[in-house]
Amino acid sequence: MSLNPILNTDSYKISHWVQYPPGTQAMFSYIESRGGVYDRTVFFGLQAILKEHLLRRVTSSDIAEAREMLAAHGEPFNEAGWKYIVGRHGGRMPVHIRAVPEGSAIPVSNALATVESTDPNCFWIASYLETALLRVWYPTTVATISWHIKRLIRRFLSETSDDTEGQLPFKLHDFGARGVSSHESAGLGGLAHLVNFKGTDTLAALVAGRKYYSEPMAGFSIPAAEHSTITAWGREGEVDAYRNMIAQYGKPGAIFACVSDSYDVYSAIENLWGSRLKQQVIDSGATLVVRPDSGNPPEVVEKCAVLLDRAYGSTTNSKGFKVLNHVRLIQGDGVNPGSIKQILERLKTRGFAADNIAFGMGGALLQQLNRDTQKFAMKCSAVRIQGEWRDVYKDPVTDPGKVSKKGRLDLVRDPTTREYLTHPIGDRASLASSEMVDVFRDGELLRDWTLEEVRKRSDE
Numbered sequence: 004m005s006l007n008p009i010l011n012t013d014s015y016k017i018s019h020w021v022q023y024p025p026g027t028q029a030m031f032s033y034i035e036s037r038g039g040v041y042d043r044t045v046f047f048g049l050q051a052i053l054k055e056h057l058l059r060r061v062t063s064s065d066i067a068e069a070r071e072m073l074a075a076h077g078e079p080f081n082e083a084g085w086k087y088i089v090g091r092h093g094g095r096m097p098v099h100i101r102a103v104p105e106g107s108a109i110p111v112s113n114a115l116a117t118v119e120s121t122d123p124n125c126f127w128i129a130s131y132l133e134t135a136l137l138r139v140w141y142p143t144t145v146a147t148i149s150w151h152i153k154r155l156i157r158r159f160l161s162e163t164s165d166d167t168e169g170q171l172p173f174k175l176h177d178f179g180a181r182g183v184s185s186h187e188s189a190g191l192g193g194l195a196h197l198v199n200f201k202g203t204d205t206l207a208a209l210v211a212g213r214k215y216y217s218e219p220m221a222g223f224s225i226p227a228a229e230h231s232t233i234t235a236w237g238r239e240g241e242v243d244a245y246r247n248m249i250a251q252y253g254k255p256g257a258i259f260a261c262v263s264d265s266y267d268v269y270s271a272i273e274n275l276w277g278s279r280l281k282q283q284v285i286d287s288g289a290t291l292v293v294r295p296d297s298g299n300p301p302e303v304v305e306k307c308a309v310l311l312d313r314a315y316g317s318t319t320n321s322k323g324f325k326v327l328n329h330v331r332l333i334q335g336d337g338v339n340p341g342s343i344k345q346i347l348e349r350l351k352t353r354g355f356a357a358d359n360i361a362f363g364m365g366g367a368l369l370q371q372l373n374r375d376t377q378k379f380a381m382k383c384s385a386v387r388i389q390g391e392w393r394d395v396y397k398d399p400v401t402d403p404g405k406v407s408k409k410g411r412l413d414l415v416r417d418p419t420t421r422e423y424l425t426h427p428i429g430d431r432a433s434l435a436s437s438e439m440v441d442v443f444r445d446g447e448l449l450r451d452w453t454l455e456e457v458r459k460r461s462d463e
């Protein structure tokens, strides 16, 4: 949907340009995570929003469309203001945006980005763009969830595996494309996950990686079965369906996954994969990834690991944990941060290394979140009236958690403690240089991060 930039806002913002004090010349706003589920957020996705929405110039046709629509909608339209932007700025948005480098993990309650108007004749634009810019909450929250899960999985790998860094990039696979509200969400959310991992089934994320972050191939996948490709053979033909998977994909060094719970996952492992088809799996030289897809995840995965160990055996690594021969497991049902921890704990208790399991996460990764997961907000913190900057803030007596920051802000780090601190500009004489960089000014993108750069920063 090609969106008219004038209409990429909330209805009530249309009327705001005459609501500010007389003599207002500039506005300054900031974006932050005020708290939430996680103590740190991994900032990501602003570059995509800027490329998709703010690099598009406003045109006379956009003004005409907005005039007609907003008249019918009941909102007073600042036609003169938008004509000024088209005539004076060539349709470019007259704002200056600074932000922390994408991929940075920043403690909550700190400014992540700032937006300042650059033309006194359209000072109101900084707040007008809030609706579009604050949508950075979504990719940032997905990247944050994925990043914290990566830390969790890394801990279990470091405790039980001989190959932590080699295993880690493919331990959490994105299954979320069908569970999100739009193709755009799949692309941006899926790419946010790929800041931390390299496994995905969300093709839209690969397209987004090429379009917004100069990444030729952001993620990878393997051939895998779904229930229809198994049940189409009939219950009596289940073994033939599995045998076909081996014939199609069982090549030396290959990996393929097969959902195995269409009828009885335990019987499938004991009597089919672990008995009738066992030698074919071994002889193929491939790694079979068995996918249970129903039941209580920690209990089912543990039992499947025990049955696969009984059938194929395992080797014991240097840390004393079992690594299955020829086979692995992937859990793609009921996967969330809590169940991942429970599964890894159960496997560790039974003596299995985290090498043996990967996770496919869908709705809990890309959809079961909202702006309040990390309490995102964009607030005006200063206005310039007749040449003088004034602090702006809110302090609702009914909710101290919504107190906003004052002044024109910057994010810095204490040179001794390395603690992140949000300070008014100019109030940091004893502190290190700013952690923010210029990313956009007056219609021009000033930074163009690659996904490789973002990944490196996130991993640090």
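Numbering-wise (this note's numbering), the sequence shown opens with residue 4 and increments by one. In this text, a Cβ means the ideal position worked out from N, Cα and C, and glycines have one as well. A quick note: this is a predicted structure, and the numbers were derived from the prediction, not measured.
Under 8 Å between C-beta atoms of residue 362 and residue 326: Taking the sequence shown and counting its residues from 1, one reaches residue 362 at position 359. Taking the sequence shown and counting its residues from 1, one reaches residue 326 at position 323. For the pair residue 362 and residue 326, the CB atoms are not nearer than the 8 Å cut-off.
Residues sharing a beta bridge with residue 24, DSSP: Counting from one through the sequence shown, the residue named residue 24 turns up at place 21. For residue 24, which the question treats as bridged, DSSP gives no partner whatsoever.
Residues of its chain near residue 4, where Cβ-Cβ distance is below 8 Å and the 5 sequence neighbours each way are ignored: Along the sequence shown, one-based indexing puts residue 4 at 1. Low per-residue confidence applies at residue 4: pLDDT is 49, beneath 50, and the placement is therefore not dependable, though the value from the model is reported in the following sentence. No residues qualify anywhere along the chain.
Distance CB(residue 91)-CB(residue 80) smaller than 8 Å: Within the sequence shown, numbered from 1, the residue matching residue 91 stands at position 88. Within the sequence shown, numbered from 1, the residue matching residue 80 stands at position 77. Not a contact, by the Cβ cut-off of 8 Å.
For residue 423, the first and last residue of its enclosing beta strand (DSSP E): Position 420 of the sequence shown, counting from 1, holds the residue named residue 423. Residue 423 -> beta strand (DSSP E) spans 423-427.
Ranges of the alpha helix (DSSP H) found wholly within the region 256-330, counting only runs of at least 4: Unbroken alpha helix (DSSP H) stretches of 4 residues or longer found wholly inside the region 256-330: 281-287 and 300-315, given in chain order.
CA-to-CA distance, residue 305 to residue 295, given in whole angstroms: Locating residue 295 in the sequence shown gives position 292, counting from the first residue. Locating residue 305 in the sequence shown gives position 302, counting from the first residue. Rounded to the nearest whole angstrom, the CA to CA distance from residue 295 to residue 305 is 11 Å.
Given residue 261 as reference, the closest of 290, 147, 279 and 357 once Cα atoms are compared: Sequence index remark: in the sequence shown, residue 261 carries index 258 (1-based). Residue nearest to residue 261 within the set 290, 147, 279 and 357 is 290 (criterion: CA-CA distance).
For residue 353, the three-state DSSP class (helix, strand or coil): The residue you call residue 353 lines up with position 350 of the sequence shown. The DSSP-derived three-state label of residue 353 is coil.
Alpha-carbon to alpha-carbon, residue 76 and residue 450: Within the sequence shown, numbered from 1, the residue matching residue 450 stands at position 447. Within the sequence shown, numbered from 1, the residue matching residue 76 stands at position 73. A straight line joining the alpha-carbon of residue 450 with that of residue 76 spans about 37 Å.
DSSP bridge partner residues for residue 379 (one or two, in chain order): As a first step, residue 379 is located in the sequence shown; it is residue number 376 there, counting from the start. The partner list for residue 379 (beta bridge, DSSP) reads 36.
Assigned exposure category for residue 256 - 16 Cβ within 10 Å defines buried: Position 253 of the sequence shown, counting from 1, holds the residue named residue 256. Flag for residue 256 reads exposed.
C-beta atoms of residue 221 and residue 208 nearer than 8 Å: Position 218 of the sequence shown, counted from the first residue, corresponds to residue 221. Position 205 of the sequence shown, counted from the first residue, corresponds to residue 208. Result yes, Cβ atoms of residue 221 and residue 208 sit closer than 8 Å.
Which of helix, strand or coil DSSP assigns to residue 219: Translated into positions along the sequence shown, residue 219 becomes position 216. Coil, per DSSP.
Own chain, CB closer than 8 Å to residue 300, minus 5 neighbours either side, in chain order: If you number the sequence shown from 1, residue 300 lands on position 297. Only 334, 336, 337, 338, 342, 345 and 346 meet the Cβ criterion.
Spatial neighbours of residue 99 in its chain, beta-carbon cut-off 6 Å, leaving aside the 5 residues before and after: Position 96 of the sequence shown, counted from the first residue, corresponds to residue 99. Residues 119, 121 and 444 of the same chain have their beta carbon placed closer than 6 Å to that of residue 99, with the five preceding and five following residues left out of the count.
Through-space distance from residue 165 to residue 180, alpha-carbon basis: Counted from its first residue, the sequence shown places residue 180 at position 177. Counted from its first residue, the sequence shown places residue 165 at position 162. Between residue 180 and residue 165, the C-alpha separation is close to 33 Å.
Classification of residue 93 by the beta-carbon crowding that lies within 10 angstroms, buried from 16 upward: To locate residue 93, count along the sequence shown from 1; it is residue 90. Exposed is the call here.
8 Å contact criterion, which residue 355 and residue 308 should meet: CB distance rounded: Here residue 355 is taken as the residue at index 352 of the sequence shown, counted from 1. Here residue 308 is taken as the residue at index 305 of the sequence shown, counted from 1. Contact check for residue 355 and residue 308: beta-carbon distance about 5 Å, within the 8 Å limit, so the pair qualifies.
Residue 460 and residue 237 closer than 8 Å at C-beta: Start at 1 with the first residue of the sequence shown, and residue 460 comes out as number 457. Start at 1 with the first residue of the sequence shown, and residue 237 comes out as number 234. The answer is no: Cβ separation not under 8 Å.
Beta-carbon proximity of residue 56 to residue 97, cut-off 8 Å: Start at 1 with the first residue of the sequence shown, and residue 56 comes out as number 53. Start at 1 with the first residue of the sequence shown, and residue 97 comes out as number 94. In this structure, residue 97 does not lie closer than 8 Å to residue 56 by Cβ.
Residue interval of the alpha helix (DSSP H) (run including residue 45): Translated into positions along the sequence shown, residue 45 becomes position 42. Secondary structure note for residue 45: it is in no alpha helix (DSSP H), and the uninterrupted beta strand (DSSP E) holding it is 43-45.
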